[in-house]
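Following: one structure in structure tokens, then a few remarks.
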Amino acid sequence: MFLLWLLVLGGLGHHFWKYGLHWLEGPGLLLAPCSSDCRVQLVESIPVGLYPASPSGPSIVDSWLRLLDRANSSVHIAAFYFTLQGSDEETTDPSDSQGRKVLGRLKQLQSKGVKLQIAVNAPQTSTKDTAELAAAGAQVREVDLRALTGGVLHTKLWVLDHKHFYLGSANMDWRSLSQVKEVGLSVEDCSCLAQDAFRIFEVYWSIGANSGSPPLFWPARLAALSSADRPLQLKFNGVPARVYLSSAPPQISPHGRADDLATILSVIDDAQKFVYISVMDYLPLSEFTEPPRFWPAIDSDLRAAACTRGVRVRMMVSCWEHSPASMFTFLQSLLVLSRPPLRCNIEVKIFSVPSTPEQRKTPFARVNHAKFMVTDRVVYIGTSNWSENYFTHTAGAGLVVNQTGSEVGEDQQTLQSQAEELFLRDWSSDYASSLSMDAVDFCPPSRR
Ligand SMILES: *[C@@H]1O[C@H](CO)[C@@H](O)[C@H](O)[C@H]1NC(C)=O
Ligand SMILES: *[C@@H]1O[C@H](CO)[C@@H](O)[C@H](O)[C@H]1NC(C)=O
Ligand SMILES: *[C@@H]1O[C@H](CO)[C@@H](O)[C@H](O)[C@H]1NC(C)=O
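Residue 448, in UniProt numbering, is where the sequence shown stops; the numbers in between run on with no holes.
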């Protein structure tokens, strides 16, 4: 009898541990009706001087300013760090004016009656911006993941009025608005999805409140509202879309949240014709273990896509002064499959952002920092480099938009086709060069 009770208690305990006290939280599960007719924009930061001849699309800075103008009750931001204003030695030319503009708008929120909450990675390298924002009424929480996951909070996510949001590669850094190439997604009038994005923010916020430890159980009010199996059925600019969010690492994902790595793998596996990938760094390694360890998850999937299923795989990574030299060696090993006898459809290109001598003086700028993937079926927007630690230690987030089979009107476009155009613009530009199999030092510091 005693043993039976022990079993029952143990089972219940395990259930609580895994799912939280969900049936005690009825209200958390009863969602208010939400808006699903969303307006979305693929937004970019194009470094000054890049693509001088072509008109640039909607910019990240404009989308942030627009979202801030629309907010009338709350703004929630999860960020790796804040350096919207540059220090004097960095900002000789061109300046940090756009970053300062965003910072100024954030400071005005309080006086408009809009609550501002910021979850930022701890320890902060510079507290200037966040201290000024706190002085202007913002609540700032530092999120220290070192004890919990051994990583950092690398997510860049804004949620406004629980109705609009932004997710993408751009940091809250003046450079990310004018000196670094970035891609993100701005979504408006979309409370069904924004509420789910807010739950990802709330995970960081609650860890920040508990000085780096997660709550004893993840409450049901933080459980995912979307997943690969149960995507939200929305309209994106009038076109039906199935959408879900993912997050990493699993240690901080409440019940039901799609795992970021599993999401990337499922998107690659789902492709039938092509997989186009634009990431800053790609390494089939666990970098921060001693010694480094081989990590084949994504690499094997790409090889299988190209060599087993005949899918066209195009991989574009970045070259700058901090590029790990081993990345190019690993990419050559991927590329070797394009040779006989297999002749798999794999191509690799390296994107470099050119700089004037003056621009070169700004550290950590002039690089393609975008992280997204587009296949013939879906688009995935993320915040992580593609190496193991980003999925097992670092907090990041992603979003999948699936409009496969959706009816598209004459003046309409899917997000997938916009992302494909964006990728192909970069891929076929002069800034992207094909990786050669024989090059020894493909991205030498002198060329960067
Ligand atoms: C915020 O603005 C929307 C319209 O954009 C309006 O419907 C809503 O009532 C406003 N909320 C507040 C708290 O002012
Ligand atoms: C996209 O939607 C189609 C149709 O519902 C589905 O079969 C496919 O698995 C989805 N793809 C992804 C990557 O979610
Ligand atoms: C990954 O991305 C960050 C910025 O997002 C960059 O600073 C870092 O050097 C990158 N590479 C690796 C291998 O972590």
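Glycine residues also receive a C-beta, built at the ideal position from the N, C-alpha and C atoms.
Is the beta carbon of L167 less than 8 Å from the beta carbon of A147?
Along the sequence shown, one-based indexing puts residue 167 at 167. Along the sequence shown, one-based indexing puts residue 147 at 147. Cβ distance not < 8 Å, so L167 and A147 don't count as in contact.
Q: Could you name the residues that DSSP lists as bridge partners for residue 449?
A: Since the first residue of the chain shown is 1 and the last is 448, residue 449 is not available in this structure.
Given this structure, state the Cα-to-Cα distance separating C38 from W64, to the nearest angstrom.
Walking along the sequence shown from the start, residue 38 turns up at place 38. Walking along the sequence shown from the start, residue 64 turns up at place 64. Roughly 17 Å between the two C-alpha positions.
**Prompt:** If you drop the 5 nearest sequence neighbours on each side, which residues of the same chain put their C-beta closer than 8 Å to that of K163?
**Reply:** Stepping through the sequence shown from its first residue, residue 163 is reached at position 163. Short of 8 Å from the beta carbon of K163, and not among the five residues preceding or following it, lie these beta carbons of its own chain, in chain order: S35, E188, D189, C190, S191 and A194.
- Message: Using 8 Å as the threshold, is the C-beta distance between Y390 and A248 below it?
- Response: By one-based count along the sequence shown, residue 390 stands at place 390. By one-based count along the sequence shown, residue 248 stands at place 248. For Y390 and A248, yes; Cβs fall inside 8 Å.
Please give me, in chain order, every unbroken run of the beta strand (DSSP E) with length at least 3 that falls completely inside the UniProt domain "PLD phosphodiesterase" (149–176). List check, beta strand (DSSP E) in window: 157–160 and 164–168.
Candidates G86, A78, A71 and N121, of which the one nearest Q110 by Cα
Mapped onto the sequence shown, residue 110 falls at position 110. Among G86, A78, A71 and N121, the Cα nearest to that of Q110 is on A71.
Between the segment 405–421 and the segment 298–313, are three or more C-beta pairs nearer than 8 Å? The segment 405–421 is not in contact with the segment 298–313.
Quick check: does the Cβ of G398 come within less than 7 Å of any heavy atom belonging to ligand 2? Residue numbering aside, residue 398 sits at position 398 when the sequence shown is read from its first letter. Closer than 7 Å to some heavy atom of ligand 2: that does not describe the Cβ of G398.
Within 7 Å: the Cβ of T404 and any heavy atom of ligand 2? Here residue 404 corresponds to residue number 404 of the sequence shown, with the count starting at 1. Yes; taking the cut-off as 7 Å, the Cβ of T404 has a heavy atom of ligand 2 nearer than that.
message: Taking the beta carbon of D426 as the centre, do at least 16 other beta carbons fall within 10 Å, making it buried, or is it exposed?
response: Locating residue 426 in the sequence shown gives position 426, counting from the first residue. By the 10 Å Cβ count, D426 comes out buried.
In the structure shown, what three-state DSSP assignment does F372 receive? Looking up residue 372 in the sequence shown gives position 372. Strand, per DSSP.
(Q) By the DSSP assignment, the beta strand (DSSP E) with F351 in it spans what residues? (A) The sequence position of residue 351 within the sequence shown is 351, counting from 1. F351 -> beta strand (DSSP E) spans I346 to F351.
(request) With a threshold of 7 Å, establish whether the CB of S253 neighbours any heavy atom of ligand 2. (result) The residue you call residue 253 lines up with position 253 of the sequence shown. No.
| query | Do I381 and C443 have their CB atoms nearer than 8 Å? | reply | For the purposes of this step, residue 381 is taken as the residue at position 381 of the sequence shown. For the purposes of this step, residue 443 is taken as the residue at position 443 of the sequence shown. Their beta carbons are not under 8 Å apart, which means I381 does not touch C443 by this criterion.
Original post:
Hey, would you say the C-beta of R377 is under 7 Å away from at least one heavy atom of ligand 4?
Top reply: As presented, the structure is devoid of ligand 4, carrying ligand 1, ligand 2 and ligand 3 as its sole ligands.
Through-space distance from S326 to S387, alpha-carbon basis: In the sequence shown, the residue the question calls residue 387 occupies position 387. In the sequence shown, the residue the question calls residue 326 occupies position 326. Taking the straight line joining both Cα atoms gives about 12 Å.
Review point. What are the residues that DSSP puts in a beta bridge with K235?
Key: Here residue 235 is taken as the residue at index 235 of the sequence shown, counted from 1. DSSP lists D37 and P240 as the beta-bridge partner residues of K235.
Closer than 7 Å: V267 CB and nearest ligand 2 heavy atom = On the sequence shown, position 267 is the one that residue 267 refers to. Yes; taking the cut-off as 7 Å, the Cβ of V267 has a heavy atom of ligand 2 nearer than that.
query = What span of residues does the beta strand (DSSP E) with I77 cover, start to end?
reply = As a working mapping, residue 77 is identified with position 77 in the sequence shown. Note, I77: beta strand (DSSP E), S74 to A79.
* Asked: Would you call the segment 259–276 and the segment 392–403 in contact, with 3 or more CB pairs under 8 Å?
  -> Yes: the two stretches touch, three or more of their Cβ pairs being nearer than 8 Å.
Practice problem: Let me know the alpha helix (DSSP H) ranges lying completely inside the segment 280–312, each 4 residues or longer, listed in chain order. | Solution: With a minimum length of 4 residues, the unbroken runs of alpha helix (DSSP H) contained wholly in the segment 280–312 fall at 297–307.
Between D196 and ligand 2, is the CB less than 7 Å from at least one heavy atom? Within the sequence shown, the letter at position 196 stands for residue 196. No, ligand 2 has no heavy atom inside 7 Å of this Cβ.
Check: Under three-state DSSP, which class holds W320?
Finding: Here residue 320 refers to the residue found at position 320 when the sequence shown is read from its first residue. Three-state DSSP puts W320 in coil, outside helix and strand.
Out of curiosity, what's the CA-to-CA distance linking S250 and A258?
Locating residue 250 in the sequence shown gives position 250, where the first residue counts as 1. Locating residue 258 in the sequence shown gives position 258, where the first residue counts as 1. Residue 250 is actually Pro in this sequence, not Ser. If I take the Cα positions, the gap works out to 9 Å.
message: By DSSP's criteria, A395 is part of a beta bridge. Which residues make up the other side?
response: Counted from its first residue, the sequence shown places residue 395 at position 395. According to DSSP, A395 shares a beta bridge with L153.
Residues bridged to R141 [DSSP beta-bridge criterion] | By 1-based counting over the sequence shown, the position of residue 141 is 141. The beta-bridge partner set that DSSP reports for R141 consists of A119.
DSSP three-state label for A439, please.
Position 439 of the sequence shown, counted from the start, is the residue given in the question as residue 439. The answer is coil: DSSP assigns A439 none of H, G, I, E or B.
Taking three-plus beta-carbon pairs below 8 Å as touching, is the segment 227–241 in contact with the segment 96–116?
Contact fails: fewer than three Cβ-Cβ distances are below 8 Å.
Q.
Between the segment 199–216 and the segment 47–61, can you find at least three pairs of beta-carbon atoms closer than 8 Å?
A. No, the segment 47–61 does not touch the segment 199–216.
Task: Residues near A224 in its chain [Cβ-Cβ closer than 6 Å; skip 5 each side] - done: As a working note, residue 224 is residue 224 in the sequence shown. Excluding sequence neighbours, A224 sits near G256 and R257.
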